[in-house]
Amino acid sequence: MDRLETNQEMHWRETARWIKFEEDVEEDTARWGKPHVASLSFRSLLELRKTIAHGAVLLDLEQTTLPGIAHLMVETMIISDQIRAEDRANVLRALLLKHRWVRHRRGLREAQGTRAQYLLVRILPWQKNLHLHNSEGHRKYLKLMEKIPEDAEATVVLVGCVQFLEQPTMAFVRLNEAVFLESVLEVPIPVRFIFVLLGPSQANMDYHEIGRSISTLMSDKHFHEAAYMADDRQDLLNAINEFLDCSIVIPPSEVEGKDLLKSIATFQKLLLRKRKEREQKSMKEGDVQEEEEAEDDPLKRTGIFFGGLVRDIKRRYPKYLSDIRDALHSQCLAAVLFIYFAALSPAITFGGLLGEKTEGLMGVSELIISTSVLGILFSLLGAQPLLVIGFSGPLLVFEEAFYKFCQTQGIEYLTGRVWIGLWLIVFIFIIVAAEGSFLVRYISPFTQEIFAFLISLIFIYETFYKLYKVFAEHPLLKFYPPNPNTALLSLILMLGTFFIAFFMRKFKNSRFLGGKARRIIGDFGIPISILVMVLVDYTITDTYTQKLNVPSGLSVTSPHKRGWFIHPMGSSGTFPLWMMFASAIPALLVFILIFMETQITTLIVSKKERKLLKGSGFHLDLLLIGTMGGLCALFGLPWLTAATVRSVTHVNALTVMSKAIAPGEKPKIEEVKEQRVTGVLIAALVGLSIVMGNMLRQIPLAVLFGIFLYMGVTSLTGIQLYERLLLIFMPSKHHPDHIYVVKVKTWRMNLFTCIQLACIVLLWVVKSTVASLAFPFVLIMTVPLRRFVLPRFFHDRELKALDSEDAEPNFDEDGRDEYNELHMPV
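With our numbering applied, the sequence shown corresponds to residues 3 to 828, in that order.
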């Protein structure tokens with residue numbers, strides 16, 4: 003937007019610009035201010051509507067030069083009785099005045115109007131090696147061009163006071179084709195719309211505010227679409243009315259406090275939601291059906307044995323060469339280094355706890371080898387190679403329960419796992435043959451939230467239970483013997499690890515340092531916290547702390563208890579025949595866990611918002627993970643599944659963000675480097691870490707407890723159930739404007755929350771008894787509970803609101819994508 007300056011020599015001065023958000027030129031410093039949401043006065047919008055209703059509106063004007071456009075505007079102003087015929091020359095002269103733009107660190111600089119210099123500026127974006135590119139001004143120029151999409155078109159707004167007019171005059175022009183107008187804009191963007199408002203100062207009209215109003219309207223998606231499609235003046239007026247329907251007028255009062263401002267945002271969200279609902283109703287059902295039919299739905303059943311598996315192979319394997327070629331990018335190398343630590347940390351942490359649960363029969367060594375071998379194979383053969391294969395909390399709960407069962411029954415634990423693995427392969431083949439992956443559609447957020455909340459509670463409880471055992475074995479003493487107290491140091495190590503990891507996660511979204519530095523520190527928070535607290539423990543030499551049990555070299559955790567191959571008939575005696583068949587029951591439970599985590603993780607990774615183009619393969623990935631897991635049992639290796647957080651982080655690390663974004667706007671996804679090489683390299687590096695046994699043996703178990711506490715606490719913040727649980731203890735006036743709060747009565751929302759809590763209590767009881775192996779089965783029963791029972795007590799609109807997400811995943815620095823490894827993501 004340019005304003006007419008009449009001081010000394012008359013000229014058009016650049017005062018503001020809109021690249022989605024408004025940026026104003028600061029009067030004192032003559033530099034651009036920060037991008038912000040434009041706040042408009044209600045009167046200026048009414049004045050704008052009035053001027054468009056009575057002013058000159060020229061649509062699809064076939065002119066390619068500014069003088070030609072200005073001449074037709076002036077003639078139309080005369081015809082519509084806005085100006086007198088004798089004012090023609092003065093108005094035309096004003097429209098053709100020179101423009102002055104803001105230059106960084108150089109104040110205002112007059113634009114030169116020669117054709118040769120204009121053409122030289124025009125070729126800069128493509129020929130960046132020209133000598134003018136080295137000047138400071140043109141560096142700034144290119145940086146601004148990066149923020150603007152390639153197909154962008156501009157709107158020029160010219161407003162100002164002139165004394166030769168008796169009344170205001172306005173013209174709104176839409177060109178038939180966007181054209182480059184010499185010396186009008188500071189950047190080479192074709193102009194499609196021109197808005198001019200001139201008038202006398204005594205007209206009691208704020209021309210600047212009216213110019214801001216039309217500029218803000220043209221930056222609004224819905225209004226500028228209407229401006230492109232308008233056939234006459236009335237269409238523009240209707241679009242302004244639509245804009246006013248979603249705008250808010252704040253009465254002239256002193257507004258203080260963030261709570262009041264939040265209420266304004268809440269009300270506007272409601273208005274925007276209503277507009278969206280109106281748009282959805284206006285869409286034709288036929289068009290929607292055609293779009294759905296055109297999509298290649300990987301969960302659509304073919305009705306043929308193994309039909310889904312065949313479709314997965316045909317969809318994904320023809321792109322195998324591109325999966326190798328697309329890895330030749332620097333971002334892939336950076337992703338390998340980052341995800342390596344993200345994969346190694348859980349392998350060490352879970353491995354240490356697994357060694358405790360199974361008394362050394364499986365531990366860090368087995369988990370690292372399993373993660374490496376299965377990760378390489380899956381990356382080479384999988385339909386969605388961006389998935390990161392790893393161990394998870396639910397599998398750890400099952401391993402503990404099955405180990406306790408085998409201890410009470412006098413059965414060899416590792417041999418029992420062999421038969422579970424064989425039955426697991428059978429179940430996997432049956433489900434894949436029947437195209438059973440479509441069942442993942444029925445696992446609603448109701449079940450996912452219960453699972454997430456329960457696993458978080460389990461690991462928070464386990465952390466403090468393990469610490470309690472340390473205090474029981476090494477109680478605090480009033481008078482220390484020669485060695486200082488072990489329990490106190492263990493507490494310090496656990497809390498230190500937790501707080502360092504937690505605050506580094508918070509630091510990622512702080513305002514200190516640059517964005518890249520914050521992101522690196524936040525992403526490597528867990529490895530840094532482990533390193534710091536290991537150094538603290540290392541410096542305290544006179545205190546005993548229990549360390550991680552890792553063998554030397556390529557060896558099992560407990561060589562005196564087992565070897566690398568597990569005989570299906572047992573090592574110390576004949577394995578019970580009845581258990582060979584009874585193993586089908588725990589195998590079904592393992593299948594439920596692997597099915598839920600793998601398929602839901604694939605759903606999350608394959609969301610449309612992530613813009614993956616090569617497709618996924620639910621059946622092929624399930625077959626690979628399940629089959630490889632079943633074979634792992636023969637070697638005493640843990641079962642693995644698609645790790646949600648590690649997979650999402652992997653995709654985010656390979657996501658290329660668009661630079662053509664408006665200042666103040668969040669980055670948008672340009673593409674994702676879909677390939678297989680990073681997964682192979684990550685898994686290989688994890689496997690090579692087995693030679694770091696001497697280093698890993700320096701990690702105290704208390705440090706790992708701190709990591710599990712961190713995982714349990716941070717995972718709760720991403721669960722809607724946890725947020726609704728807090729609302730029970732909060733007055734309704736302080737409730738946020740989430741859709742499940744707005745569309746569901748408070749007492750009915752609380753009832754829904756209490757039903758989920760009752761399910762959690764039931765699952766906790768089952769987990770804590772001898773029937774703990776039935777934990778996955780009881781969990782899966784929440785699916786028919788949600789699908790068939792709850793609709794009898796809640797309306798469909800209420801259930802949809804309670805199952806909804808208020809926001810899409812954020813791919814930049816927001817914490818919503820930092821789900822915990824231990825729960826099913828919302």
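Every residue gets a Cβ at the ideal spot worked out from N, C-alpha and C, and that includes glycine. No experiment lies behind these values; they were computed from the predicted model shown.
Which full runs of the beta strand (DSSP E) of 3+ residues lie inside the stretch 512-580, going along the chain?
-> none
Straight-line Cα distance separating G638 from G357 = Locating residue 357 in the sequence shown gives position 355, counting from the first residue. Locating residue 638 in the sequence shown gives position 636, counting from the first residue. Those two C-alpha atoms are separated by around 13 Å.
So which of A72, A205, A18 and H226 has the shortest CA-CA distance to L187?
-> Walking along the sequence shown from the start, residue 187 turns up at place 185. Of the listed residues, the one whose Cα sits closest to L187 is A18.
Should I150 and I341 be called a contact, given that it needs their Cβ atoms to be closer than 8 Å?
-> Start at 1 with the first residue of the sequence shown, and residue 150 comes out as number 148. Start at 1 with the first residue of the sequence shown, and residue 341 comes out as number 339. Cβ atoms of I150 and I341: not closer than 8 Å.
Candidates E361, L311 and S691, of which the one nearest A435 by Cα | Here residue 435 refers to the residue found at position 433 when the sequence shown is read from its first residue. Nearest C-alpha to A435: L311.
How should L537 be labelled, buried or exposed, when 16 other C-beta atoms within 10 angstroms of its C-beta is the threshold for buried?
-> Numbered from 1 along the sequence shown, position 535 holds the residue referred to as residue 537. L537 comes out exposed.
For L171, which residues does DSSP report across the bridge?
-> Taking the first residue of the sequence shown as position 1, residue 171 is located at position 169. Per the sequence presented here, residue 171 reads as Thr, with Leu not at that position. DSSP lists L200 as partners of T171.
Assign M535 to one of two classes, buried (16 or more other C-beta atoms within 10 Å of its C-beta) or exposed (fewer than that).
-> Indexing the sequence shown from 1 puts residue 535 at position 533. By the neighbour-count rule (16 or more Cβ atoms within 10 Å), M535 is buried.
Quick one, are the C-beta atoms of A58 and T78 less than 8 Å apart?
-> As a first step, residue 58 is located in the sequence shown; it is residue number 56 there, counting from the start. As a first step, residue 78 is located in the sequence shown; it is residue number 76 there, counting from the start. Cβ atoms of A58 and T78: closer than 8 Å.
Report the rounded CA-to-CA distance for E295 versus S394, giving the unit in angstroms.
-> Taking the first residue of the sequence shown as position 1, residue 295 is located at position 293. Taking the first residue of the sequence shown as position 1, residue 394 is located at position 392. Model confidence at E295 stands at a pLDDT of 43, short of 50, so the residue's coordinates are unreliable and nothing is read from them.
Is the beta carbon of V399 less than 8 Å from the beta carbon of F777?
-> Position 397 of the sequence shown holds residue 399. Position 775 of the sequence shown holds residue 777. It is a contact, given that the beta carbons lie within the stated cut-off.
State the CB to CB distance for the pair G423 and L636, rounded to an integer number of angstroms; the pair is presumed to be in contact (CB under 8 Å).
-> Residue mapping note: residue 423 aligns to position 421 of the sequence shown, counting from 1. Residue mapping note: residue 636 aligns to position 634 of the sequence shown, counting from 1. The Cβ separation is near 7 Å, so the contact holds.
Nearest-angstrom Cα distance between H13 and L98?
-> Residue 13 sits at position 11 when you count from the first residue of the sequence shown. Residue 98 sits at position 96 when you count from the first residue of the sequence shown. Each residue's alpha carbon lies about 9 Å from the other.
May I have a chain-ordered list of the alpha helix (DSSP H) segments no shorter than 4 residues that lie completely inside the stretch 395-465?
-> 395-411 and 415-435
State the start and end residues of the unbroken beta strand (DSSP E) segment that holds G689.
-> Position 687 of the sequence shown holds residue 689. Segment V679 to L690 is the alpha helix (DSSP H) holding G689; no beta strand (DSSP E) there.
Assigned secondary structure, G628 (DSSP; H/G/I helix, E/B strand, else coil) | Walking along the sequence shown from the start, residue 628 turns up at place 626. G628: helix per DSSP, three-state reduction.
Nearest CA to the CA of T559: which residue from T417, G362 and I460?
-> Here residue 559 refers to the residue found at position 557 when the sequence shown is read from its first residue. Nearest option by C-alpha distance: G362.
Thinking C-beta only, is F620 closer than 8 Å to T604?
-> Within the sequence shown, numbered from 1, the residue matching residue 604 stands at position 602. Within the sequence shown, numbered from 1, the residue matching residue 620 stands at position 618. Yes; because the gap between Cβ atoms is below 8 Å, this pair is in contact.
Which two residues bound the contiguous beta strand (DSSP E) that contains R648?
-> On the sequence shown, position 646 is the one that residue 648 refers to. Per DSSP, R648 belongs to no beta strand (DSSP E); it is in the alpha helix (DSSP H), T646 to A655.
Straight-line gap, P570 to W425 (C-alpha atoms, nearest Å) | For the purposes of this step, residue 570 is identified with residue 568 of the sequence shown, where counting begins at 1. For the purposes of this step, residue 425 is identified with residue 423 of the sequence shown, where counting begins at 1. About 13 Å.
By how many angstroms is the C-alpha of G35 removed from the C-alpha of E64?
-> Along the sequence shown, one-based indexing puts residue 64 at 62. Along the sequence shown, one-based indexing puts residue 35 at 33. Distance between the alpha carbons of E64 and G35: 36 Å.
Please look up how many angstroms separate the CB atoms of L239 and I54, rounded, as I've assumed it's under 8 Å.
-> The residue you call residue 239 lines up with position 237 of the sequence shown. The residue you call residue 54 lines up with position 52 of the sequence shown. Sure, about 6 Å apart at Cβ, within 8 Å.
Confirm, please, whether the CB-CB distance from I391 to L595 is below 8 Å.
-> Mapped onto the sequence shown, residue 595 falls at position 593. Mapped onto the sequence shown, residue 391 falls at position 389. No; because the gap between Cβ atoms is not below 8 Å, this pair is not in contact.
Secondary structure of M693, DSSP reduced to three states = Along the sequence shown, one-based indexing puts residue 693 at 691. First, the residue type needs correcting, since residue 693 is Val and not Met in the sequence shown. Of the three classes helix, strand and coil, the one that applies to V693 here is helix, per DSSP.
Where T373 and L690 are concerned, what is the direct C-alpha to C-alpha distance, given to the nearest angstrom?
-> Working through the sequence shown from its first residue, we reach residue 373 at position 371. Working through the sequence shown from its first residue, we reach residue 690 at position 688. Distance between the alpha carbons of T373 and L690: 11 Å.
When the Cα atoms are used, what is the spatial distance from V472 to I460?
-> For the purposes of this step, residue 472 is identified with residue 470 of the sequence shown, where counting begins at 1. For the purposes of this step, residue 460 is identified with residue 458 of the sequence shown, where counting begins at 1. Going from the Cα of V472 to the Cα of I460 covers about 18 Å.
Counting Cβ pairs, one atom from each stretch, are 3 or more of them under 8 Å apart for the stretch 623-635 and the stretch 645-652?
-> no
Quick one: which unbroken beta strand (DSSP E) runs of 3-plus residues sit fully inside the stretch 182-256? Chain order, please.
-> 193-201
For P387, which of G617, Y742 and K613 has the nearest alpha-carbon?
-> Start at 1 with the first residue of the sequence shown, and residue 387 comes out as number 385. Of the candidates G617, Y742 and K613, the one whose C-alpha sits nearest the C-alpha of P387 is G617.
Rounded C-alpha distance that separates L74 from R45 | Here residue 74 corresponds to residue number 72 of the sequence shown, with the count starting at 1. Here residue 45 corresponds to residue number 43 of the sequence shown, with the count starting at 1. Distance between the alpha carbons of L74 and R45 is about 29 Å.
Closest by CA to L590, which one among S221, L781, L490 and V653?
-> On the sequence shown, residue 590 is found 588 positions in, with the first residue counted as 1. Nearest option by C-alpha distance: L781.
Just how far apart, CA to CA, sit Y209 and I242?
-> Sequence index remark: in the sequence shown, residue 209 carries index 207 (1-based). Sequence index remark: in the sequence shown, residue 242 carries index 240 (1-based). Looking at the two C-alpha atoms, the distance is approximately 18 Å.
For I542, which option in N487, I522 and L656 has the closest C-alpha, if you only look at C-alpha atoms?
-> Looking up residue 542 in the sequence shown gives position 540. Comparing Cα-Cα distances from I542 to each of N487, I522 and L656, the minimum goes to N487.
Best match in F501, I427, M694 and E11 for proximity to Y1 [C-alpha to C-alpha] = Since the first and last residues shown for the chain are 3 and 828, residue 1 lies out of range.
Ends of the alpha helix (DSSP H) at E49?
-> In the sequence shown, the residue the question calls residue 49 occupies position 47. Per DSSP, E49 belongs to the alpha helix (DSSP H) from F44 to H56.
When the Cα atoms are used, what is the spatial distance from F710 to M231?
-> For this step, residue 710 is matched to residue 708 along the sequence shown. For this step, residue 231 is matched to residue 229 along the sequence shown. Whole-angstrom Cα-Cα distance: 57 Å.
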